[in-house]
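Sequence lines, in order, name chains A and B.
871 is the number of the first residue of the first sequence in my numbering; add one for each residue after it.
871 is the number of the first residue of the second sequence in my numbering; add one for each residue after it.
Note that beta-carbon positions come from the ideal geometry of N, C-alpha and C, so glycine has one too.
This one's a predicted model, so the numbers in the text were calculated from it and none came from an experiment.
Number of protein chains: 2
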Amino acid sequence: MSSIPATKQGRATRERIVRAAAELVGERGASATSLDDVIAATGASKSQLYHYFGDKHGLVQAVVDYQCATVLGLQAHALASVSDWDDLERWAQTMVAIVEDQGAHGGCPIGTLAAALSDTDERLRTSLSEAFQAWSDAIRGALLRLRDNGLISTGADLDALTTITLSAIQGGLLLSKTSRDAGQLRIALDGAIAQLRSGGTVADPTDRAPRPRAARSSTRAPVRSAETRAARPRKKPRR
Amino acid sequence: MSSIPATKQGRATRERIVRAAAELVGERGASATSLDDVIAATGASKSQLYHYFGDKHGLVQAVVDYQCATVLGLQAHALASVSDWDDLERWAQTMVAIVEDQGAHGGCPIGTLAAALSDTDERLRTSLSEAFQAWSDAIRGALLRLRDNGLISTGADLDALTTITLSAIQGGLLLSKTSRDAGQLRIALDGAIAQLRSGGTVADPTDRAPRPRAARSSTRAPVRSAETRAARPRKKPRR
DNA sequence: GCAAGATTGGACTTGACAGTCCAACGAGTG
DNA sequence: CACTCGTTGGACTGTCAAGTCCAATCTTGC
């Protein structure tokens, strides 16, 4: 079970299935996508699914890997050619334009999968986390180039700026897809870029008060949870 | 069907079901949570579910409404008392602390639901969008107070800063839950706060080049999609 | 206390889903 | 050409899920 295609034909079949499954999962979510749906979308047969993926879980893993590779390939490529502010601006503009073209549907495939599957399956979470890591690396690479070109100050914390940028992407995409308004992403990205331009003043001397950064667990007010601790049977890990 | 509880007992039952369902849906996702799961978790009977919620979709809607109200109540309350940088810092610190306590599991209930359900059901999407809107209003209220206290310059674009802040929250939470590292949220929030402190220099005169902001659809490179347009059967709206 | 209506229990129906199985088919190799 | 093994079709099974139904029980207003 779960064998790697040995023939050209087999590889084509496997890929066809993964692509169709990726689309269905993106639209409906993993557990709302049945194998029969995938069969109907591809014209494949049950044996093919079980031959190439072992079981449904294997198919979902393949979908996750596929989406990570796809998004990452495109982002790495787009970011690799960023070496000044104009390039960065174009990169941002491209993302916004894509979201607009989709009517602000869907959002980031990785982000959507991460939100849904991170707490469901540890292996999937790891794959998705690695994808975000690779995405961060691509962003950091671009920032490094900007710094080398004298556009970002030497003292800037590139790691923090990278996280801030990726965070703006994901947050902006989520707000955009929820409100069906690509403008939210535009604003989030503008904010991130402004911060990059300002050199990432995370430690601003202006009038900052000493942070209670390590004063945890005493003054902490309840801001969420409410049902975090309750009697729960916890039966079935996934459907 | 789908009746509002008329008695105290009925209200208690309904609430008990919604809370348990909210937790299960938060852990496994809506379509991976069966009514039998909810029944097992609450000790309720099938008739009760159908009596109070009409069908599964109604239950999910109730869960969404409940989570929106819960998160929003807490956030609105926490943000209402923010009137200087220290307050804001504490607010951020509180969120990070909560995420840490949860081992960076779960993330924001609204964000998770939005990622999963926005493209599934228009009504749910609207509810979630309204929740984000209300959250934005709470943030804007805090920023307004900061501005009134002279901590944010009068010229600052509070709407943009609000979106940037909420975007950082959501993006940071997503990255945190995926990497199981609350530090991601901490960095994202620090970035947002730094931007607020710097007065939200979205339009920085430094050396900005004219933006190709409306040059869409010509130079646009393919940065995602790949299977956005394909033959798809599209059978069943939800499971 | 006593209807009237709200609430509850749980068996039952119907369909869909994941997963199994085996018999064919076909492509590559000697 | 023949053999092998990767590949494919599709019927079949057992389980589980959503939704229905009706009778029993409890609450509340009078």
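CB-CB under 7 Å to ALA900 (chain A), same chain, minus the five flanking residues each way: which ones, in chain order? Translated into positions along the first sequence, residue 900 (chain A) becomes position 30. If we look at ALA900 (chain A) and ignore the five residues flanking it on each side, its Cβ neighbours are VAL930, ALA986, LEU987.
Among A:ASP907, A:THR1032, A:GLU893, A:ASP1060, whose alpha-carbon lies nearest the alpha-carbon of VAL933 (chain A)? Here residue 933 (chain A) refers to the residue found at position 63 when the first sequence is read from its first residue. When each option's Cα is compared against that of VAL933 (chain A), the closest is A:GLU893.
With a threshold of 7 Å between beta carbons, is GLY899 (chain A) in contact with chain B? Counted from its first residue, the first sequence places residue 899 (chain A) at position 29. Output row for GLY899 (chain A): interface = yes.
Measuring CA to CA, which of A:GLU992, A:SER904, A:GLY1011 is closest to ALA950 (chain A)? Working through the first sequence from its first residue, we reach residue 950 (chain A) at position 80. Closest by alpha carbon: A:GLY1011.
Using a Cβ cut-off of 8 Å, which residues of the region 1039 to 1051 of chain B contact any Cβ in chain A, in chain order? Closer than 8 Å at the C-beta level to chain A, one finds these residues of the region 1039 to 1051 of chain B: ILE1039, GLN1040, GLY1041, GLY1042, LEU1044, LEU1045, LYS1047, THR1048, SER1049, ARG1050.
With distances taken between CB atoms, is the gap from ALA1062 (chain B) to ILE1022 (chain B) smaller than 7 Å? On the second sequence, residue 1062 (chain B) is found 192 positions in, with the first residue counted as 1. On the second sequence, residue 1022 (chain B) is found 152 positions in, with the first residue counted as 1. Going by C-beta atoms, ALA1062 (chain B) is not nearer than 7 Å to ILE1022 (chain B).
Range covered by the alpha helix (DSSP H) that runs through PRO979 (chain B): Within the second sequence, residue 979 (chain B) is the residue found at index 109, counting from 1. Its alpha helix (DSSP H) spans residues 979 to 987.
Between the region 915 to 935 of chain B and chain A, which residues of the former have a C-beta closer than 7 Å to a C-beta of the latter? Within the region 915 to 935 of chain B, not one residue has a Cβ closer than 7 Å to any Cβ of chain A.
Quick one: measure Cβ to Cβ for LEU1013 (chain A) and LEU1031 (chain A), integer angstroms, because I've assumed they're closer than 8 Å. In the first sequence, the residue the question calls residue 1013 (chain A) occupies position 143. In the first sequence, the residue the question calls residue 1031 (chain A) occupies position 161. Taking the Cβ atoms as the reference, LEU1013 (chain A) lies roughly 6 Å from LEU1031 (chain A), within the contact range of under 8 Å.
Taking the beta carbon of THR912 (chain A) as the centre, do at least 16 other beta carbons fall within 10 Å, making it buried, or is it exposed? Within the first sequence, residue 912 (chain A) is the residue found at index 42, counting from 1. Buried, since its Cβ has 16 or more Cβ neighbours within 10 Å.
LYS916 (chain A) burial status per 10 Å Cβ neighbour count (16 or more: buried): Here the question's residue 916 (chain A) lines up with position 46 in the first sequence. Exposed is the label assigned to LYS916 (chain A), since fewer than 16 other Cβ atoms lie within 10 Å of its Cβ.
Could you work out which residue in B:ARG1050, B:ALA914, B:SER953 is closest to GLU1000 (chain A) when comparing CA atoms only? Within the first sequence, residue 1000 (chain A) is the residue found at index 130, counting from 1. The option with the nearest alpha carbon to GLU1000 (chain A) is B:ARG1050.
If we define contact as Cβ-Cβ less than 7 Å, is ASP991 (chain B) a contact residue for chain A? Translated into the one-based positions of the second sequence, residue 991 (chain B) becomes position 121. Under the Cβ criterion of 7 Å, ASP991 (chain B) is not counted among the residues facing chain A.
To the nearest angstrom, how far is the alpha carbon of ARG898 (chain A) from that of ASP989 (chain B)? Counting from one through the first sequence, the residue named residue 898 (chain A) turns up at place 28. Counting from one through the second sequence, the residue named residue 989 (chain B) turns up at place 119. Cα to Cα, the separation comes out at about 7 Å.
Given 8 Å as the limit, is there contact between the region 937 to 946 of chain B and the region 992 to 1006 of chain B, that is, 3 or more CB pairs closer than that? Between the region 937 to 946 of chain B and the region 992 to 1006 of chain B, the count of Cβ pairs shorter than 8 Å is three or higher; the stretches touch.
Rounded C-alpha distance that separates PRO979 (chain B) from SER997 (chain B): Start at 1 with the first residue of the second sequence, and residue 979 (chain B) comes out as number 109. Start at 1 with the first residue of the second sequence, and residue 997 (chain B) comes out as number 127. Rounded to the nearest whole angstrom, the CA to CA distance from PRO979 (chain B) to SER997 (chain B) is 13 Å.
Going by the CB atoms, is the gap between VAL969 (chain A) and LEU1055 (chain A) shorter than 7 Å? Reading the first sequence from its first residue, position 185 is the one you call residue 1055 (chain A). Reading the first sequence from its first residue, position 99 is the one you call residue 969 (chain A). In this structure, the beta-carbon distance from LEU1055 (chain A) to VAL969 (chain A) falls below 7 Å.
According to DSSP, is ARG995 (chain A) part of a helix, a strand, or is it coil? Counting from 1 along the first sequence, the entry for residue 995 (chain A) is found at position 125. The answer is helix: DSSP assigns ARG995 (chain A) an H, G or I state.
I want to verify the contact list: residues of chain A whose CB lies under 8 Å from the CB of ARG995 (chain B), in sequence order. As a first step, residue 995 (chain B) must be located in the second sequence, where it is residue number 125. What ARG995 (chain B) touches in chain A: THR1048, ARG1050.
Consult DSSP for THR903 (chain A) and reduce its assignment to one of helix, strand or coil. The residue you call residue 903 (chain A) lines up with position 33 of the first sequence. THR903 (chain A) falls in the coil class under three-state DSSP.
Express the C-alpha separation of GLY896 (chain A) and ARG889 (chain A) in angstroms, rounding to a whole number. The residue labelled residue 889 (chain A) in the question sits at position 19 within the first sequence. The residue labelled residue 896 (chain A) in the question sits at position 26 within the first sequence. Roughly 11 Å separates the two Cα atoms.
Contact list for the region 1014 to 1036 of chain B against chain A, Cβ threshold 7 Å: The region 1014 to 1036 of chain B vs chain A, Cβ under 7 Å: ALA1030, THR1033, ILE1034, LEU1036.
Where LEU905 (chain B) meets chain A, residues with beta-carbon distance less than 8 Å: Stepping through the second sequence from its first residue, residue 905 (chain B) is reached at position 35. Neighbourhood of LEU905 (chain B) in chain A, by CB distance below 8 Å: empty, with the nearest CB roughly 12 Å away.
Residues in the same chain with beta-carbon distance under 7 Å from ARG886 (chain A), minus the five sequence neighbours each way, listed in chain order, please. For the purposes of this step, residue 886 (chain A) is taken as the residue at position 16 of the first sequence. Here the set comprises THR912.
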